[in-house]
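Position 363 (the sequence shown) corresponds to 362 in numbering that gives the first Met the number 0; numbering is contiguous.
Idealized CB from N, CA, C, for every residue including glycine.
The structure appears below as C-alpha cells.
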Amino acid sequence: MSFDPVALASRLIRFDTVNPPGNETPCAAFLGDVLAEAGFRVAYHELAPGRASLVAALGDGSGKPLCLTGHLDVVPLGNAPWSFAPFLGEVRDGRLWGRGASDMKSGIAALTVAAVAERHRLRAGPGVVLVFTAGEETGCEGSAHLAAAGALGEAGAVVVAEPTANRPLLGHKGVLWFKVRTTGVTAHASTPEQGRNAIYAAARAVTRLEEYAFDVPCHPVMGAPSLNVGTIYGGLNVNSVPDACEIGVDVRSVPGIDHAALLDRLRERLGPEAEITATIDAGPVWSEPEHPWLAQVFAAVAATTGMPPRIEAANLFTDAGYLVPAYGHPPAVILGPGEPTMAHKTDEWCAVDNIHQAVEIYRSIIRDWR
C-alpha cells in the first residue's frame, strides 16, 4: 500500500471543512478508513454532531508512542474573490492550490502517508498515534475535548504539522481569552444620576488592563507576553444609561505565567464591579533545544532540506497547547510542509516539493522513535 501525498492532500481539500460550521466528520471518516486498512486502531470522538476528531494508533504498547497531529477544519474563504475553485485541490506551477492547502491538509496528508509507509516497523514497538482534530481554528475545541474526555492516552513526544515550510519550531505562546462583564442600572439619559453606567465601569477596567504589567521576564525566543483589549459591546440606545457592557481580552503568555494565577490577579485589579470569564485557556508550549529527541528532529530536517537548525518559536497557537499538557508535557515540535505566509489567505497554496520533503522528514522521525 502506498499513497501520493499530494494526491491525498488534494482529496482532503475537496472536503469542505470550513469552520464554522466545521463538518469535519466526512473528512475524518475518510482518513480513518485509510488508516484502518493499513492496520491502525481507529476511534472517533464527536465534538458536536457532524464534528468528529480522529485518533488512530499502531504499536504494541511497549512504550509511549509518538503523537503526530493536525487539524481537519479550515477558515472561511473571506470576501475577496478567488482566482480558482477553492475546494478543487488543483496542482499547477509546482503548487497545490485550495483552502487548507497550507493550513493544514498538506500536513495531515504527509503525516498519514509517512505513518502508513512505516506501518510494518510500527507494529513492534511503541508506535505512533495520529490525532486529527476538529475545531482548531475557533479555539482548539477538538483537542480540548479530547483532553477533557481522557481520550488521548500517552505520548512521549508530539509533532504538530502546522505550516512552517518544514522549519522545526520549538513552541509557541499560550493563549488566554476572557470576557470582562460590567453591570449597572438603567435609567433615562436625561437623569443619569438615577442609574449606574456599565460602560463607565468597563472603561475603568480597560484603563486598568492597559496599565497592567506582567511580572515575568521576556522569554529568550518568544519575547514578552502581551495583553490586548479587542472588543467592547455595551448599551442599547444612546438616550438610556446602559446596564451591561462586555469587553473581550486576548493574552499571549510565555513560560513562567500561570493562567489561573493571572486571572486571580486581574480580578483583584479590576475589582468587584467587573466579572471575568475565561473562554479559551491553553498554556505556552516550549521544548528545550538540548533535548536529545529534538536533536534527532533537527538532523532529519537538515538531511532532507539542507536547512541548518535554528532555535525558533511559532507566532501562533496550536493544538499542542492542550495536547502537550494532556500527555504530561513531553517535548513537542511544530513542523509542517505548509507555507506559513499563506495561512488564512485568499488563493492559498502549498509547495508540492515541501509536501514530499515533509513525508521524508516524518518517516525519519518515526524510524528514530522506534
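Start and end residues, beta strand (DSSP E) containing residue i
{"i": "S252", "result": "A243 to S252"}
{"i": "S52", "result": "R50 to L57"}
{"i": "L95", "result": "R94 to W96"}
{"i": "Y43", "result": "R40 to A47"}
{"i": "G270", "result": "No beta strand (DSSP E) holds G270; DSSP gives it neither H nor E."}
{"i": "L121", "result": "Element bounds for L121: not the beta strand (DSSP E) but the alpha helix (DSSP H), R118 to L121."}
{"i": "I333", "result": "A331 to I333"}
{"i": "A156", "result": "A156 to V159"}
Three-state class that DSSP yields for residue i in the structure shown
{"i": "H70", "result": "strand"}
{"i": "Y232", "result": "strand"}
{"i": "D15", "result": "coil"}
{"i": "G106", "result": "helix"}
{"i": "T137", "result": "coil"}
{"i": "L65", "result": "strand"}
{"i": "T340", "result": "helix"}
{"i": "L87", "result": "coil"}
{"i": "W368", "result": "helix"}
{"i": "A100", "result": "helix"}
{"i": "A312", "result": "coil"}
{"i": "L76", "result": "coil"}
{"i": "T345", "result": "coil"}
{"i": "E153", "result": "coil"}
{"i": "N353", "result": "helix"}
{"i": "T163", "result": "coil"}
{"i": "A328", "result": "Residue identity check: residue 328 is His in the sequence provided, not Ala. In the structure shown, H328 sits in coil (DSSP, three-state: anything other than H, G, I, E or B)."}
{"i": "I360", "result": "helix"}
{"i": "P4", "result": "helix"}
{"i": "A212", "result": "coil"}
{"i": "D263", "result": "helix"}
{"i": "S9", "result": "helix"}
Bridge-paired residues (DSSP) for residue i
{"i": "G222", "result": "H218"}
{"i": "H187", "result": "S239"}
{"i": "F177", "result": "V248 and A277"}
{"i": "F131", "result": "L53 and G69"}
{"i": "N227", "result": "D249"}
{"i": "V284", "result": "H171"}
{"i": "T182", "result": "A243"}
N-terminal and C-terminal residue of the alpha helix (DSSP H) that residue i is part of
{"i": "V323", "result": "A319 to A325"}
{"i": "G141", "result": "E140 to A148"}
{"i": "A35", "result": "T24 to E36"}
{"i": "A301", "result": "P291 to T304"}
{"i": "L208", "result": "A197 to E209"}
{"i": "A350", "result": "No alpha helix (DSSP H) contains A350, which is instead part of the beta strand (DSSP E) from W348 to A350."}
Cβ distance (whole Å) where residue i is taken to contact residue j below 8 Å
{"i": "V74", "j": "E136", "result": "5 Å"}
{"i": "G229", "j": "E245", "result": "Their Cβ separation, rounded to whole angstroms, is 12 Å, which puts G229 and E245 out of contact at 8 Å."}
{"i": "L145", "j": "T132", "result": "7 Å"}
{"i": "G69", "j": "L7", "result": "G69 to L7, Cβ: 13 Å. No contact."}
{"i": "D59", "j": "E23", "result": "The Cβ separation is near 30 Å, so there is no contact."}
Original post:
Touching or not, the stretch 254-261 and the stretch 154-163, by the rule of three or more beta carbon pairs under 8 Å?
Top reply: no
Self-check item: Contact the stretch 160-173 vs the stretch 76-95: 3+ CB pairs below 8 Å
Solution: no
_Pairs of beta-carbons, one from the stretch 49-69 and one from the stretch 112-131, closer than 8 Å: are there three or more?_
Contact check between the stretch 49-69 and the stretch 112-131: three or more CB pairs, one atom from each, fall below 8 Å, which counts as touching.
Touching by the beta-carbon criterion (3+ pairs, under 8 Å), the stretch 181-194 and the stretch 217-231: no
Q.
If contact is defined by three or more beta carbon pairs under 8 Å, each pair taking one atom from either stretch, is the stretch 26-39 in contact with the stretch 0-11?
A. yes
- Message: Using a Cβ distance threshold of 8 Å, determine whether the stretch 96-110 contacts the stretch 340-360, with at least three qualifying pairs required.
- Response: yes
(message) Can you confirm whether the stretch 203-213 touches the stretch 260-278 when touching is taken to mean that 3 or more C-beta pairs between the two stretches lie within less than 8 Å?
(response) yes
- [ ] Pair every Cβ in the stretch 187-201 with every Cβ in the stretch 354-366, then say whether three or more of these pairs are closer than 8 Å.
- [x] no
Checklist entry - Quick one: any contact between the stretch 43-59 and the stretch 312-327, if contact means 3 or more CB pairs under 8 Å? => result no
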